[in-house]
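Visitor:
4 protein chains.
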Amino acid sequence: MLFQTVKSEIVSHLSYIVASKGEAFVVAPRRDTDVYVEIAQGWGAQIKHVFETHRNEDYVIGSIELARITGAKVHHGSGLPWKYGETLRDGEEFKVGLLKVVALHTPGHSPDSSCYALYDSEVGDKPVLVFTGDTLFVGDVGRTDFLGPENTAMMSGKLYDGIHGKLLPLGDGVVVFPAHGFGSVCGGSISEREISTLGAERAMNPMLGLTREEFIERKVGERHETSPYFKMMEKYNLEGPPTPAHLPTPPALKPSEFKAAKAKGTQIIDTRAPPAFGGAHIEGSYSLPPTRLSNAGWVIPIENEALLVVDDAKALDFAVKNLYRMGYTRSAGYLAGGLEAWYKEGNGLAKVDIATCQGLREMMKTEKPVVVDVRRYSEWDEGHIEDAVHIYLGRLPERLGEIPEGRPVVLQCKTGTRSSFAASILLKAGRKNVYNLLGGIDAWKKLGYPLVKD
Amino acid sequence: MLFQTVKSEIVSHLSYIVASKGEAFVVAPRRDTDVYVEIAQGWGAQIKHVFETHRNEDYVIGSIELARITGAKVHHGSGLPWKYGETLRDGEEFKVGLLKVVALHTPGHSPDSSCYALYDSEVGDKPVLVFTGDTLFVGDVGRTDFLGPENTAMMSGKLYDGIHGKLLPLGDGVVVFPAHGFGSVCGGSISEREISTLGAERAMNPMLGLTREEFIERKVGERHETSPYFKMMEKYNLEGPPTPAHLPTPPALKPSEFKAAKAKGTQIIDTRAPPAFGGAHIEGSYSLPPTRLSNAGWVIPIENEALLVVDDAKALDFAVKNLYRMGYTRSAGYLAGGLEAWYKEGNGLAKVDIATCQGLREMMKTEKPVVVDVRRYSEWDEGHIEDAVHIYLGRLPERLGEIPEGRPVVLQCKTGTRSSFAASILLKAGRKNVYNLLGGIDAWKKLGYPLVKD
Amino acid sequence: MLFQTVKSEIVSHLSYIVASKGEAFVVAPRRDTDVYVEIAQGWGAQIKHVFETHRNEDYVIGSIELARITGAKVHHGSGLPWKYGETLRDGEEFKVGLLKVVALHTPGHSPDSSCYALYDSEVGDKPVLVFTGDTLFVGDVGRTDFLGPENTAMMSGKLYDGIHGKLLPLGDGVVVFPAHGFGSVCGGSISEREISTLGAERAMNPMLGLTREEFIERKVGERHETSPYFKMMEKYNLEGPPTPAHLPTPPALKPSEFKAAKAKGTQIIDTRAPPAFGGAHIEGSYSLPPTRLSNAGWVIPIENEALLVVDDAKALDFAVKNLYRMGYTRSAGYLAGGLEAWYKEGNGLAKVDIATCQGLREMMKTEKPVVVDVRRYSEWDEGHIEDAVHIYLGRLPERLGEIPEGRPVVLQCKTGTRSSFAASILLKAGRKNVYNLLGGIDAWKKLGYPLVKD
Amino acid sequence: MLFQTVKSEIVSHLSYIVASKGEAFVVAPRRDTDVYVEIAQGWGAQIKHVFETHRNEDYVIGSIELARITGAKVHHGSGLPWKYGETLRDGEEFKVGLLKVVALHTPGHSPDSSCYALYDSEVGDKPVLVFTGDTLFVGDVGRTDFLGPENTAMMSGKLYDGIHGKLLPLGDGVVVFPAHGFGSVCGGSISEREISTLGAERAMNPMLGLTREEFIERKVGERHETSPYFKMMEKYNLEGPPTPAHLPTPPALKPSEFKAAKAKGTQIIDTRAPPAFGGAHIEGSYSLPPTRLSNAGWVIPIENEALLVVDDAKALDFAVKNLYRMGYTRSAGYLAGGLEAWYKEGNGLAKVDIATCQGLREMMKTEKPVVVDVRRYSEWDEGHIEDAVHIYLGRLPERLGEIPEGRPVVLQCKTGTRSSFAASILLKAGRKNVYNLLGGIDAWKKLGYPLVKD
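Those sequence lines, one after another, are chains P, W, L and G. Position one of the first sequence corresponds to residue 1 (my numbering), numbered consecutively onward. Position one of the second sequence corresponds to residue 455 (my numbering), numbered consecutively onward. Position one of the third sequence corresponds to residue 909 (my numbering), numbered consecutively onward. Position one of the fourth sequence corresponds to residue 1363 (my numbering), numbered consecutively onward.
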């Protein structure tokens, strides 16, 4: 058995390719599928099957393209109106070389959620691993709120049943391979560790020790945010994404060309780090560093093209690939030569003032700054700076009115990355006296400054 | 000025990408064009122009695809009915950043042959380099026989006039960048060295010291071979090649699948080295090692798919890319796991007996072997083994009747690679007692054995 | 937690690097240690500890060099006279970032064998994975014969106690990371699959369902072969390997230089595939293709240098690295330009006749060939060709006299790779009429030909 | 003939490796020599000779190590007390495969300066290219001031004689391969274009049209800056550099470890771009972006170790390699996790205010800022901002007193990169109200703002 994990950075998406005796299958492929074809070729194997774990809301599925190239069959769970692929029966079995794959219908995160248990017929009749999709993560379970608050309890119950009725009975010694890792929005608190088993999860996953009632209550109480791009994503994934089915080649733009595109209203994504964005940027840009690039979905419709400001060719490649995986099919281009090319030609610059926690404490004594905490609800609930205002960053554009004018505004998150994005939203809206707190709550805590809870 | 040569192995094709101030141009791009787009992106430059040196006979041009991706304009010389791109005026000028490109119409190799002189306006008004296409090579000049023997003298005269009237006057200190290097069939004896100037060629290229009459006489006297795939190539290049405009993904075939495809008549290309092919191969395969893969054009129509037997993933990649560049748009697949997978399943094997020069000399004393020399005319003319028969390898299939039966046949070329292909042609035709002379004429000479000339 | 497996090909050695919060540790590093340093650097982590699983017999440990570069501490189990590093107490604990490593003394394969259980303190107090060294493999357990037949029963009992008393009690849901994978000589029948858990092994590893008595009996009954290079390896690993502590740079030799080195008695390793070796090779070479390169240890003392004949730069790199890992510290050089360079200069060639199973059956009707089966005892015991002679390949040089002269000798293994090595040993000894059976027992079985058991 | 240029970024150093028939030579190798060994191995060639173009002042020579690994002989010109290698006779010839190398003694830049003409004996008796070291560049000639002002005229005369007496007579059609490209401090105005010939230089290099007297006068009038690290470099290159002869492995430091090293006085090099350094940096750091990293030689003795703050693993690798090539043999480590790791722990930050040209013009109306132009003399002489003070950046530490206090100080160079370094020097010296002009003179000119000349 040959096995490889393929990780996609910004949405912490984990997909898998497995082969035995010249036959291969892929679980939950991403939109740009060359990687699977190359791995299979390196193994001398043909991809025969693609197994979907569910429709997916946060990235575009590449199954149609992968099937076109390789001739593989696409399989998905029942419960949603997929326009392509074949609908699985619960318990349906597939032979791939010496391996056996058994599909398990485990709705909860999505009505069509499916897990896949893998058996190695060379050694015995027990499963050795299971692909758990967004049903079970290392340290967490999937969200159950996508069908709306009225259905969350019902879906949570189904999720509980799937985990306890179908997954855990596979046995403690079964290795777990989920569809997301640390940092995904599809689970609240996925572990940074990617190696686990059903036994380890049963023993240490805080959600798995609860009774069915406790589990549902906990899930109903969760407050998740849903990026507006998810809606389009669901459509793409059920019906097939727009063409072309390959990564865009963003044109290299000179400053004059970049300026012309900007003048037509094309939005700018600047992926440089927060200190760089703070130091100097093109007015009107969004600050979206690589680790938080998926937040673009809150402010730029995925049907649109965007302009890119990046550090180097590697950063460009990262941005183009990851935006494409989120559904941005085309690119308006990038600023060739980076920001230096822009300012060497005498073009204007904007900046975000940088604050440190020490500086903020000083400022608090005199200037009464408004601290806006843009983290998730679950983070806010664990403790925040006194008198801070909580507005989740994705909601900032519609809730700007809640931030009082005439006082310095200090944007704050966990470390200073999301707050850089938040600061860029405020600047774009014309606000002045805007600070980004570098270090965020992490630094605040390290310094022993006080936190309060609501 | 940024400058990069892009070399394609099997047809020794040299293409170029040059940039200045964010603008770039490409000279004579190959069919798979990602490389130019990636280089331009790394430089932060946009490809604005594609300059063709001529229609080309031995590889497929990638200009249409490159123009589609980048928006570049395609330019070609006058004299042939191109169905795309723009026709150049002799002397037409282009500004690319701080560079100036001047087109020179230099028919001779082809009616539309063009050279391009490059000026660096930062430093002065003299040309610094010239792209010479198939007009002038390092150590040789282009073939002039493509319009048929009745036109060779006329085309040779034009070539002479272009070189002496347009190229050499640019000045000795102009660096030469031709479209082919060592090993190309587009020039008889191109130097292995790739660095030269008009001055060095004027002084040392044996063709450039001749008078016009001598030059024409020499060119008319040359005997070149024209692979049958050239005809289709010309059509592709004037009209645009077949889609898809990207490299094929050959399916990984199990021995049983490979055997089924073979049974339908699909031809097999085995790119392993001659000793390996000699040791064991699948019956009916053509022996086409990487350095001589372009000889596939003699036996397999480029509209067809072929099956591949290769050493490893790198060799597969090489074969697929280079066959695609020659015009083979699709691939029937490759034997996954290589020849070992084939024989592990108990499938039959064929072999070619290996001869050494020492062995051949012994054999000559007793068995009267037929030595068939399959080299080019120009190589044969420089000396050959006594009593050898000369049949150029591409002509073997139609001239098999000239090889007497009932005696051992020893195929011979320069080193043993082309003769491995030749041996595979004979075996395919049912001949027995076929040897490949490893070492060829090179070894024969090293050993001091006698050569004769006709 | 960041985790990466580093695999070394020829001895199927698996080593590991793990990090948390900027601190890292390595388990069982190989001799060329750059890879660990680069991974750690990519993670922004410092290697603080190196954990040895045991002395090792089949590859050279890189711990001294790794410690020198990084300042890491080396830890090993008790029971052998290590001249460097620190001796562990059973149960000794180490904190690495948020992780806890607990050393478990599990003698049996070697007196100092140690396993390491890993706990993730972020999530709980159960181990999540265990490094099992050569104590427990996927599908097998370690050899117990290294202390000689008189101690095998005793060591087997210890191994049983370690597995059942220390490993399995960690819990079914603990992922297993052994020091060897499929193909290692340190376990007889390690699974090709590399993913497993204590639960999966408990349920499906054939050795784990036995009673202590059955286990010991089974282990005592095993017949393993011990390559002579193991002895030197043990010395290197207890005392530190010879310098230099970096990969050799083999000189590129022209045929004349290669010949001169050969004339001085330097042995030649030819890593090309069996059909290529069969087709043509330099007289006196050993046929040692990449997958079986470790068999060099049977015929060339590791203090010696060897000459290399390889396909290309990648094959050269593979050979040099893997020989270095086995203990060959220096290289005499490689034939630049490969075998083609050799025969182009008119140098002589030798060959091995290739046999197929069909051909062998025909031959058996008339010529009474001697079939020599060179596989391991355990393979031979599962069935062999009637009237075949069994001589394990490593024993061939000393048992040549058992092979009758005057008849064709057909060397046979599983697929034709080891038998190519065996054939080269016979040729070197001056035997004539030597065949290599391509396809081996695998092909024989596929064709439905009969097998017998002793 | 096989030929490859090896470029080292920060000092724009060009070295070369050339091979023919299995033999190779290297011209002017850099300190980390793996690249030459790998190229030679890929070509199947042995490096037989290393040719030095001169002692070198700006980077460390790798010849001793390269000779140790490959057995190559090192050759250098006469006139300096080299402690290794062999001293060339003017006109000495070497055969390398089919090539002939002729050494030309051309003192001027350095007493031992040597050029190497290359002849391809396959084609004729004219040279095809020449390695010109620091004697002749594309668009410029070498500096002649290293022996002190009293010797500049004499050395300039020698340089003139070497160029006109030995190089140009080789012929217009000889390709030029110098030891430095665009951006080197060894020539004032080397062209960005790297392709040239003796003919093109004769026609267009502004220094080559001068008479001997004009040439000497011009050279004597040049004002070059000499970084203090050059002295040590000369010693290293004549005597051999300190060991170890391989790249350092900088330890990954946690913020606390980094802080401890800083507290001991270890200097910090921050290679992030000027906007990022301006936005936030660790107090006391030097701003040394990759393109200007060699300026480290002005402030940090090369015997010292430095601490690094970089964007990512690629930037770390760049910094370590290029500092090593300059002579920094060891590294104190880098801030693991980058600046984010630093501020997440609540550590303090400093910043540089960013100015644009528009902003500076506004500021000039009210605040009387001191504009400090830190460019080279030759740049300053071409025009500067009115009332600006000229202090070459390397001289800033010793001339800080010339900058009036109490007013804003705006550092200015060509684009904003060197002025970021200059700003960091002022901040380190305790100056407040320090601005970096992003865009520099380039932007100033683009905006049409006035320049004055002295």
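Idealized CB from N, CA, C, for every residue including glycine. Note that the structure is predicted; figures quoted are calculated from it, not measured.
To the nearest angstrom, how far is it from the Cα of P/S184 to the Cα of P/I190?
Guide: Here residue 184 of chain P corresponds to residue number 184 of the first sequence, with the count starting at 1. Here residue 190 of chain P corresponds to residue number 190 of the first sequence, with the count starting at 1. Rounded to whole angstroms, P/S184 to P/I190 spans 7 Å at the Cα level.
Visitor: Comparing the C-beta of G/V1485 with each C-beta of chain W, is any distance below 7 Å?
Guide: Along the fourth sequence, read from residue 1 onward, the residue named residue 1485 of chain G stands at position 123. Residue-level contact check: G/V1485 touches chain W, since one or more beta carbons of chain W fall below 7 Å from its beta carbon.
Visitor: Rank P/V27, P/E386 and P/I39 by C-alpha distance to the C-alpha of P/T132 and give the top, closest one.
Guide: For the purposes of this step, residue 132 of chain P is taken as residue 132 along the first sequence, with counting starting at 1. Nearest C-alpha to P/T132 among P/V27, P/E386 and P/I39: P/V27.
Visitor: If you measure between the beta carbons of P/N436 and P/A423, is that distance less than 7 Å?
Guide: Within the first sequence, numbered from 1, the residue matching residue 436 of chain P stands at position 436. Within the first sequence, numbered from 1, the residue matching residue 423 of chain P stands at position 423. The answer is yes: Cβ separation under 7 Å.
Visitor: Can you pull the DSSP bridge partners for L/L922?
Guide: Mapped onto the third sequence, residue 922 of chain L falls at position 14. Note: L/L922 sits in a beta bridge opposite L/K915.
Visitor: Spatial neighbours of G/F1365 within its chain, please: C-beta separation below 6 Å, excluding the five flanking residues on both sides.
Guide: Numbered from 1 along the fourth sequence, position 3 holds the residue referred to as residue 1365 of chain G. Excluding sequence neighbours, G/F1365 sits near V1380.
Visitor: Here's a check: name, in chain order, each residue in its chain whose Cβ is nearer than 7 Å to the Cβ of G/K1383, leaving out the five neighbours to either side.
Guide: Indexing the fourth sequence from 1 puts residue 1383 of chain G at position 21. Excluding positions up to five away in sequence, the list reads G1459 and L1460.
Visitor: Which two residues bound the contiguous beta strand (DSSP E) that contains W/F684?
Guide: Indexing the second sequence from 1 puts residue 684 of chain W at position 230. Element bounds for W/F684: not the beta strand (DSSP E) but the alpha helix (DSSP H), Y683 to E693.
Visitor: Taking W/G813 as the reference, give the member of L/K1259, L/G1267, L/L1268 and L/M1272 with the closest Cα.
Guide: Position 359 of the second sequence, counted from the start, is the residue given in the question as residue 813 of chain W. Of the listed residues, the one whose Cα sits closest to W/G813 is L/K1259.
Visitor: Quick one: which chain G residues come within Cβ less than 7 Å of W/D574?
Guide: On the second sequence, residue 574 of chain W is found 120 positions in, with the first residue counted as 1. Simply R1555.
Visitor: Taking the alpha carbon of L/P1312 as the reference point, which residue from L/G1291, L/G1302 and L/V1279 has its own alpha carbon closest?
Guide: Here residue 1312 of chain L is taken as the residue at index 404 of the third sequence, counted from 1. Checked all of L/G1291, L/G1302 and L/V1279; the closest Cα to L/P1312 is L/V1279.
Visitor: Can you give me the C-alpha to C-alpha distance between L/M1140 and L/P1209, rounded to a whole angstrom?
Guide: Mapped onto the third sequence, residue 1140 of chain L falls at position 232. Mapped onto the third sequence, residue 1209 of chain L falls at position 301. Rounded to the nearest angstrom, the two C-alpha atoms are 9 Å apart.
Visitor: Does the segment 1611-1629 of chain G come within contact of the segment 1756-1772 of chain G, defined as at least 3 CB pairs closer than 8 Å?
Guide: no
Visitor: In the DSSP assignment, the alpha helix (DSSP H) including L/D1289 goes from what residue to what residue?
Guide: The residue given as residue 1289 of chain L occupies position 381 in the third sequence. Residues Y1285 to D1289.
Visitor: Looking only at its own chain, which residues have a Cβ that is under 8 Å from the Cβ of G/S1782, when we skip the five neighbours before and after it?
Guide: Translated into positions along the fourth sequence, residue 1782 of chain G becomes position 420. Counting only Cβ-Cβ distances below 8 Å, and skipping sequence neighbours, we find P1636, F1639, G1640, S1649, P1651, V1714, L1773 and N1798.
Visitor: Just curious, the beta strand (DSSP E) that G/Y1696 is in, first and last residue?
Guide: As a working note, residue 1696 of chain G is residue 334 in the fourth sequence. Membership of G/Y1696 in the beta strand (DSSP E) is indicated by the continuous run G1695 to L1697.
Visitor: So the beta strand (DSSP E) P/V410 belongs to, where does it begin and stop?
Guide: Walking along the first sequence from the start, residue 410 of chain P turns up at place 410. Run containing P/V410: V409 to Q412, per the beta strand (DSSP E) assignment.
Visitor: From what residue to what residue does the alpha helix (DSSP H) around L/A948 run?
Guide: The count along the third sequence starts at 1 and reaches residue 948 of chain L at position 40. Counting along the chain, the unbroken alpha helix (DSSP H) around L/A948 starts and ends at D942 to W951.
Visitor: So, are the CB atoms of P/R307 and P/T266 less than 7 Å apart?
Guide: Here residue 307 of chain P corresponds to residue number 307 of the first sequence, with the count starting at 1. Here residue 266 of chain P corresponds to residue number 266 of the first sequence, with the count starting at 1. The question names Arg, yet the displayed sequence has Leu at residue 307 of chain P. Contact: yes.
Visitor: Compute the beta-carbon to beta-carbon distance between G/K1410 and G/E1427, rounded to the nearest angstrom, for a pair I have assumed lies under 8 Å.
Guide: For the purposes of this step, residue 1410 of chain G is identified with residue 48 of the fourth sequence, where counting begins at 1. For the purposes of this step, residue 1427 of chain G is identified with residue 65 of the fourth sequence, where counting begins at 1. Not confirmed; about 16 Å, so no contact.
Visitor: Can you tell me where the beta strand (DSSP E) with P/A24 in it begins and where it stops?
Guide: Taking the first sequence and counting its residues from 1, the one referred to as residue 24 of chain P is at position 24. Taken as a continuous stretch (DSSP letters only), the beta strand (DSSP E) holding P/A24 covers E23 to V27.
Visitor: Residues of chain W with CB closer than 8 Å to the CB of L/I1262, please, in chain order.
Guide: To locate residue 1262 of chain L, count along the third sequence from 1; it is residue 354. Chain W residues near L/I1262: G733, A734, L803 and K805.
Visitor: Can you pull the DSSP bridge partners for G/C1477?
Guide: By one-based count along the fourth sequence, residue 1477 of chain G stands at place 115. G/C1477 is bridged to G/L1466.
Visitor: Tell me which residues share the same chain as G/W1405 and place their Cβ nearer than 6 Å to its Cβ, disregarding the 5 neighbours each side in the sequence.
Guide: Residue 1405 of chain G sits at position 43 when you count from the first residue of the fourth sequence. So the qualifying residues of the chain are L1364 and A1381.
Visitor: Just checking: is the beta-carbon of W/G719 within a distance shorter than 7 Å of some beta-carbon in chain P?
Guide: Here residue 719 of chain W refers to the residue found at position 265 of the second sequence. False, the Cβ-Cβ gap to chain P never drops below 7 Å.
Visitor: Judging by CA-CA distance, which residue of W/V630, W/D896, W/N510 and W/F505 is the nearest neighbour of W/G693?
Guide: The sequence position of residue 693 of chain W within the second sequence is 239, counting from 1. Here residue 693 of chain W is Glu; the residue named in the question, Gly, does not match the sequence. Checked all of W/V630, W/D896, W/N510 and W/F505; the closest Cα to W/E693 is W/N510.
Visitor: Between W/T606 and G/N1599, what straight-line distance do the alpha-carbon atoms span, to the nearest angstrom?
Guide: By one-based count along the second sequence, residue 606 of chain W stands at place 152. By one-based count along the fourth sequence, residue 1599 of chain G stands at place 237. When rounded, the distance between both Cα atoms is 60 Å.
Visitor: With which residues is G/E1448 paired in a DSSP beta bridge?
Guide: On the fourth sequence, residue 1448 of chain G is found 86 positions in, with the first residue counted as 1. Paired residues: G/H1437.
Visitor: Select from P/L170, P/K83 and P/H105 the residue whose C-alpha is nearest the C-alpha of P/D90.
Guide: Position 90 of the first sequence, counted from the first residue, corresponds to residue 90 of chain P. Of the listed residues, the one whose Cα sits closest to P/D90 is P/H105.
Visitor: Strictly below 7 Å CB to CB, what residues from chain L border P/L129?
Guide: Translated into positions along the first sequence, residue 129 of chain P becomes position 129. Going along chain L in sequence order, the residues near P/L129 (Cβ under 7 Å) are I1103.
Visitor: What is the rounded straight-line gap between the Cα of G/G1433 and the Cα of L/Y1242?
Guide: Against the fourth sequence, residue 1433 of chain G aligns to sequence position 71. Against the third sequence, residue 1242 of chain L aligns to sequence position 334. One C-alpha to the other measures close to 16 Å.
Visitor: Out of curiosity, what's the CA-to-CA distance linking G/K1815 and G/V1736?
Guide: Here the question's residue 1815 of chain G lines up with position 453 in the fourth sequence. Here the question's residue 1736 of chain G lines up with position 374 in the fourth sequence. The straight-line gap from Cα to Cα measures roughly 15 Å.
Visitor: Looking at the unbroken alpha helix (DSSP H) that takes in L/V1207, where does it start and where does it end?
Guide: Taking the first residue of the third sequence as position 1, residue 1207 of chain L is located at position 299. Segment A1204 to V1207, the alpha helix (DSSP H) holding L/V1207.
Visitor: By a C-beta neighbour count over all protein chains shown, 10 Å radius and 16 as the cutoff for buried, is G/S1483 buried or exposed?
Guide: Within the fourth sequence, the letter at position 121 stands for residue 1483 of chain G. Exposed: under 16 other Cβ atoms inside 10 Å.
Visitor: Closer than 6 Å by C-beta to P/P251: which residues in its own chain qualify, once you throw out the five before and the five after it? Chain order, please.
Guide: For the purposes of this step, residue 251 of chain P is taken as the residue at position 251 of the first sequence. Within the same chain, P/P251 has close Cβ partners G333.
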